[in-house]
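Here is the structure we will look at.
In the UniProt record's numbering, the protein residues as written are 1 to 174.
Structure below.
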């Protein structure tokens, strides 16, 4: 296996020269659609981000490869509409975002997953088609209410809600 880049190479270890050298090394690297395994997976699928980088630019997420846990087969490749910046192995989050009781859905997170006001892009698993569907549900952290079948996105500043957006989810939505 060929190492194309080393993640975390830019973190400083206290030596300014090493930090400068590692930043320069990462800055001059170029690659396209390198797979990067994510920590979170569903009971049926695991996810590898497709990462690309041009010289002097940040690493971007260009897509997601989704593999079957049963046989390791690639079942779907999703190209992302927006090239979110790549941060870490926690970029994929798992949940039940269509209220079917099955936690086979996932979201892509742009940024630190522990922070607030972090954009998410959601994907719903459609068992009848054996593929993930883009429900056009994108925004800041959503809270899903399975009883009302509503997804609520809020943007906050401290304890103040700046705006709140409710979306009623049904099969017509996606």
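Glycine residues also receive a C-beta, built at the ideal position from the N, C-alpha and C atoms.
Being a predicted model, the structure only gives us computed values, none of them experimental.
(message) If contacts are defined as beta-carbon pairs under 8 Å, then residue 83 and residue 62 qualify, I think. What distance do you get, rounded to the angstrom?
(response) Contact holds; Cβ gap of about 6 Å.
(request) Tell me whether residue 26 sits in a helix, a strand or coil according to DSSP, three-state version. (result) Helix, per DSSP.
(request) Answer with buried or exposed for residue 110, where buried requires no fewer than 16 other C-beta atoms within 10 angstroms of its C-beta. (result) If you draw a 10 Å sphere on the C-beta of residue 110, you find 16 or more other C-beta atoms in it, and that means buried.
(message) Out of 77, 31, 76, which one is the CA nearest neighbour of residue 58?
(response) With distances taken between CA atoms, residue 58 lies nearest to 31 out of 77, 31, 76.
(request) Determine the direct distance from the alpha carbon of residue 147 to that of residue 176, and round the result to whole angstroms. (result) Lying outside 1 to 174, the shown extent of the chain, residue 176 is not represented and no answer is given.
(message) Using 8 Å for Cβ pairs, my map puts residue 47 next to residue 92. What's the rounded Cβ distance?
(response) With 8 Å as the limit, residue 47 and residue 92 qualify as a contact, their Cβ atoms being about 5 Å apart.
(message) Tell me which residue opens and which closes the beta strand (DSSP E) that residue 124 is part of.
(response) Unbroken beta strand (DSSP E) run through residue 124: 120 to 126.
(request) Specify, as a first and last residue, the run of the beta strand (DSSP E) that residue 33 falls within. (result) For residue 33, the uninterrupted beta strand (DSSP E) run begins and ends at 31 to 37, by DSSP.
(request) Give a yes or no on whether the minimum CB-CB distance between residue 52 and chain D is below 7 Å. (result) In the displayed structure, chain D is absent; only one protein chain is listed.
(message) Strictly by DSSP, which residues pair up with residue 66?
(response) In the DSSP assignment, residue 66 forms a beta bridge with 47, 76.
(message) Which residue wins for smallest C-alpha separation from residue 69, given the options 45, 135, 150, 86?
(response) Checked all of 45, 135, 150, 86; the closest Cα to residue 69 is 45.
(message) For residue 53 and residue 40, what's the separation of their Cα atoms in angstroms?
(response) Going from the Cα of residue 53 to the Cα of residue 40 covers about 23 Å.
(request) Apply the 10 Å Cβ neighbour rule to residue 56 and answer buried if 16 or more other Cβ atoms are within range, or exposed otherwise. (result) By the C-beta density criterion, residue 56 is exposed, having fewer than 16 other C-beta atoms within 10 angstroms.
(message) What residue range does the beta strand (DSSP E) around residue 93 cover?
(response) For residue 93, the uninterrupted beta strand (DSSP E) run begins and ends at 92 to 95, by DSSP.
(message) Can you find the residues in the same chain that come closer than 8 Å, C-beta to C-beta, to residue 130, ignoring five residues on each side of it along the sequence?
(response) Result list for residue 130: 75, in chain order.
(request) List the DSSP bridge partners of residue 106. (result) 94, 123, per the DSSP bridge assignment.
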